[in-house]
Amino acid sequence: MKKELLVILLIGFVFNLSAQSVDPLRTKDAEAQTIWVDSIMKNMTIDEKIGQLFMVQAYSNKDKKHKDFITEMITKYHVGNLIFMQGTPEKQAELNNIYQDTAKVPLLIGFDGEWGLDMRLKNTYRFPWNMTLGAIRNDSLVKQFGEHLGKHCNRLGIHVNFAPVVDINTNPDNPIIGNRSFGEKKENVTQKAIAFTQGMQSKGVLANAKHFPGHGDTATDSHHTLPVLNFDMNRLDSIELYPYKKVFDAGITSVMTAHLSIPSLESDPRLPTSLSKNVVTNLLQQKLGFLGLVITDGLNMKGAANYSSSAEIDLAAIQAGNDMLLIPQDVPATVNLIKKAIELKTLTEERIDISVRKILKAKYWAGLHNYKPIEIENLQEDLNTIEDELLHRELIKNSLTIIKDVKGDLPIRNLEKRKIAYVNLGDDSGNHFVKMLKNYGQVDVVSDKNLDGMMRKLKPYNMVIVGFHKSNLHPWKSYKFSNKDLVWLQEIAREKNVILDVFASPYSLLKIKTFTNIEGIIVSYQNSKLAQELSAQLIFGAFGANGKLPVSIKNEFAAGHGFITSNLSRFEYTIPEAVKMSSVKLQKIDSLANIILEKKMAPGFQVLVARKGKVIYNKSYGYHTDKKTLKVKNTDVYDLASLTKILASLPLIMKAEEEKKISLNANLQDILPSFKGTNKATVSVREILSHYGKLKAWIPFYRETQDSITHKNLSEFYRPKKSKKFNIKVAKNLYLNKNYKDSIYKYIREVDQRERDGYKYSDLGYYIFKKALENTYEKPLNTLVDEEFYQSLGANRTSYLPLQKFSKKVIIPTEKDDYYRNQLLQGYVHDMGAAMLGGVGGHAGLFANANDVAKIMQMYLQKGYYGGKRYLKSTTLDKFNHRYFSDKKVRRGLGFDKPQLNPKVKATCGCVSDESFGHSGFTGTYTWADPKSGIVYVFLSNRVYPTMENRGLVKSNMRTEIQQVIQDAILD
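Okay, structure coming up:
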């Protein structure tokens, strides 16, 4: 028998010369490995050796009875390996330590973690399915995925992870592989499998190629029956076996043998390939020369279990050439049967030794010669890291695949020309998708129980984004369109410009009879929160598309197809670490927020932080008012007060300056002839924008319309109802005489100038700019800035006169006015002068949320470019973001505020660069952008609630304190 064994070994050696020439289980310190293996084997009894062949199923969510059963398996039957199934990481770690302490020889711990430990354990990280990864062009990302999974396994004491699946999924109806495969192209599957293997094994975790010799072209599930593959050897060699040969050469350490019936490899139709010597020994180990660990697929699966008794199946698996029995169903009976086979000489102890030696080598390879118990502390944190999410985001971003774009609509440009609806198809939620879409512009959710009703509701829209959402619970969930969905999709596409976004397997597209009327198709592969959010960002050009189809769809779309698109320099929404900022340090904002709320500096507020074109913090705090009935949401809008100057007037002034309609050197009498002959006639535009024009800070125009003693509004100026004469709406039930606008400009023309030269912040210049711009462009200021900037920027939450556009419940109240309008101001501008202009001022009147303010500031930071459109020249931004009177100790640029020159003045935190710019607003608003750090910061509040005497926010410098926290959170 020993001579026969030697012959087999020699034959194996010859085959190895042409196949796997290096033993993948051999470590760099091979001599020490051999000594360790020999030291254990020489003291082993036959029972202990047989015990090493078993990998028994262990659970961390079962009772003491199960724990006692596993303990008995280890102590009585010397079981040498466990595969952990469902449970929690903490409980698994606890049991792992107990079981390892019980074992005489360290246990090799196995795990099914194809897409992460989440495949079996609660509260662990879930990465994308293999089908999603198959769409990625950059294989280094898949290698990183393997590295991350290797780290997780290491942390939890797992030594062999049963991944990657290297099956080539050439059968779309495959019920068990499908999303678990990297796709249908053998080269792509192989490259991904090698990258994953290299990544995971670099972290000291054994990878496992499964399911040998190939489970990709089956129509039945081996968990329930024995699938049949009627392919000849040429086909098997060119397709199914292709990735195995390559991963063997790349050094994969183990293989899983599948329960299949393949007549061309095994003539016995009842004998699964996992139990066939022809397959396991002759093909796998001799012809292909695989020298690593050979492990059966689960022996509880019907594909194997239906063959014979559990013990006979286990014996047959060993006789076929497998080294390890995965999930054996009757260990005691198997031990007895193997010992009996040795007695009968149908199996030899030397054959057992070959497998035991390989198993022990694998244990040494995995570091079990230096076994250490798992530390429970910080386990949850270590298995769910920021780095995991960063990688997850990159994997999804790089997988998203545009397969059709006949009109060039992807990414979406020219938002001012779009009226966009979203329609949900499928049986799962698309809420995260919709919420993210709305960050970019107006997207309306349209639904109806009937198709006719749906089509009526869709009439006003010229673009419809159809999201097809299916369950993301696990990769075997149904991905197919219902017949109703197919009818609705075709009818909508027949009438409307449609972008179809598929949050399911690409195979779902197979049921669509024709793609003729569907203008754009995106495959997002999964319906996870991240997939939804990132796909929405792709649609609007936050980043470009890079994905390729891992499988073909009929004759319409070939595997490997996918358009590569560029980004449009719109905001991306991500996490702080993506731009080298610390989410932990940014948590201090929460502490400052609590102080603001506790000390009633403001009832609520929004804080947004972006860096390098990515929004990494967008959070709302508190309530609309002290009644605490409505929580502040990110979509709520605030009165921006003087931020209006740089967000409405200034972009139009810059545009007019570029078009040579308003020169910086022009005097007031040049841009507004009515100022000719006044004491302001020769004040220049440059001086006014720099607040160096000797203008008064402000004029309380409203007091001139009140009784000087009672301070009540005079009836000659106001009426409670609108009429032809009283048509300027100041607030609810308060209308101003239409002639008073002229009086406001008369006051400005006639008011004395300041006698002293120097800096003095003033609103008055922006009354003048408003009129000059309206005269120049022959449109109202609010219409002009909306058409020229806001619509195309997607700043649909930015508006003058917000009650004409938004529901009152999303507009944050400002003050309980008891001195002029005598009401709670909600939806009406707080600034009295702007109110007297009908709510549209050059200096105040604009309402917005933090997200929209940030878009405009980012456009400035990008030197006038955003969303694929150039709004302003780069040189224009440089010209306006410059101090012209710094020698006069004026810190301001043109319109923009800039960092303080006097350290006692707190315009900023004192921690931003001199290139930075921004503005603050009386109602408790603030925004700042820094070209050097790439930071955009927005703070919006209603600190004037309940009255403007509430100055806690101003006195405490909380807005710039938060700015300091943001600056301190930068890691590079």
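If you count the sequence shown from 1, position 711 lands on 710 in numbering that gives the first Met the number 0, and the numbers rise without skipping.
Positions of the beta carbon are idealized from the N, C-alpha and C atoms, including for glycine.
Bear in mind that the values here come from a model prediction, so they are computed numbers and not experimental data.
Query, Result
"Per DSSP, what kind of secondary structure is TYR789 in: helix, strand or coil?", "helix"
"What residue ranges within the region 32 to 61 form continuous beta strand (DSSP E) runs of no fewer than 3 residues, ordered along the chain?", "53 to 57"
"If you compare alpha carbons, which of PRO212, VAL935, ILE34 and GLY764 is closest to PRO226?", "PRO212"
"Within a Cβ cutoff of 6 Å, which residues of the same chain sit near ILE419, ignoring the five residues on either side of it in sequence?", "VAL442 and MET462"
"Could you check the C-alpha separation between GLY429 and ILE538 for me, to the nearest Å?", "15 Å"
"Going straight from the alpha carbon of GLY203 to that of ILE73, what length do you get?", "24 Å"
"Enumerate in chain order the residues of its own chain whose CB-to-CB distance from SER38 is below 8 Å, with the five nearest sequence positions on each side excluded.", "none"
"Just the C-alpha distance for LYS66 and ASP117, rounded to the nearest angstrom, thanks.", "22 Å"
"Contact check, GLN318 vs LEU346 under 8 Å by CB: the rounded distance?", "6 Å"
"Around the C-beta of LYS1, are 16 or more other C-beta atoms found within 10 angstroms, so that it is buried, or is it exposed?", "Only weak support exists for where LYS1 lies, its pLDDT of 43 falling under 50; the value from the coordinates is given anyway. Under this definition LYS1 is an exposed residue."
"Tell me whether THR638 sits in a helix, a strand or coil according to DSSP, three-state version.", "The sequence shown places Asp at residue 638, not Thr. The answer is strand: DSSP assigns ASP638 an E or B state."
"Are the CB atoms of ILE135 and GLY546 nearer to each other than 8 Å?", "yes"
"Which residue's Cα is closest to the Cα of PHE976: LEU389, SER915 and LYS854?", "The structure shown has nothing for residue 976, since the chain only spans 0 to 971."
"Considering Cα atoms alone, identify which of VAL165, GLN803 and THR123 is closest to CYS152.", "THR123"
"Who does ILE977 pair with in a DSSP beta bridge?", "Residue 977 lies beyond the stretch modelled for the chain, which goes from 0 to 971, so this question has no answer here."
"ILE402: buried (16+ other C-beta within 10 angstroms of its C-beta) or exposed?", "buried"
"Does DSSP put PHE68 in a helix, a strand or coil?", "helix"
"Give me whichever residues DSSP pairs with ARG869 in a beta bridge.", "TYR864"
"Can you look up MET300 in the DSSP assignment and give me helix, strand or coil?", "coil"
"Hey, out of ASN299, TRP114, PHE83 and GLN285, whose CA is closest to LEU148's CA?", "TRP114"
"Hey, how far is the Cα of THR775 from the Cα of LYS660?", "7 Å"
"Within its chain, find whatever has a CB closer than 7 Å to the CB of ALA558; leave out the 5 residues flanking it on each side and keep chain order.", "GLY182, GLU183, LYS184, LEU548, PRO549, VAL550 and SER551"
"CA-CA distance, ILE727 and ALA906?", "35 Å"
"Given that a residue counts as buried once 16 or more other Cβ atoms are within 10 Å of its Cβ, and exposed if not, what is THR709?", "exposed"
"How big is the Cα-Cα spacing for ASP913 and ILE645?", "18 Å"
"Following the continuous beta strand (DSSP E) through TRP927, name the residue where it begins and the one where it ends.", "924 to 929"
"By how many angstroms is the C-alpha of TYR370 removed from the C-alpha of GLU89?", "19 Å"
"From the DSSP secondary-structure annotation, give me the bridge partner or partners of HIS881.", "Answer by DSSP bridge pairing: none, since HIS881 is not bridged."
"Using a Cβ-Cβ cut-off of 6 Å (strictly less than) and excluding sequence neighbours within five positions of ALA609, which residues of its own chain qualify?", "ALA853 and VAL935"
"Measuring alpha carbon to alpha carbon, tell me which residue in SER354, LEU409, GLY145 and THR704 is nearest ALA541.", "LEU409"
"Buried or exposed for SER722, please, with buried defined as at least 16 other CB atoms from any protein chain shown within 10 angstroms of its CB.", "exposed"
"If I measure Cβ to Cβ from GLY793 and keep anything under 6 Å in the same chain, skipping five residues before and after, which residues do I get?", "LEU414, TYR439 and GLY440"
"Using the three-state DSSP reduction, which class does MET580 fall into: helix, strand or coil?", "strand"
"In the DSSP assignment, find the alpha helix (DSSP H) that holds TYR766 and state where it starts and stops.", "763 to 776"
"Going by C-alpha distance, which of LYS360, ASP387, THR219 and VAL330 is nearest GLY145?", "ASP387"
"Applying the criterion that 16 or more other CB atoms from any shown protein chain within 10 Å of the CB defines a buried residue, is SER473 buried or exposed?", "Note that residue 473 is His in the sequence shown, not Ser. When all chains shown are included, HIS473 counts as exposed."
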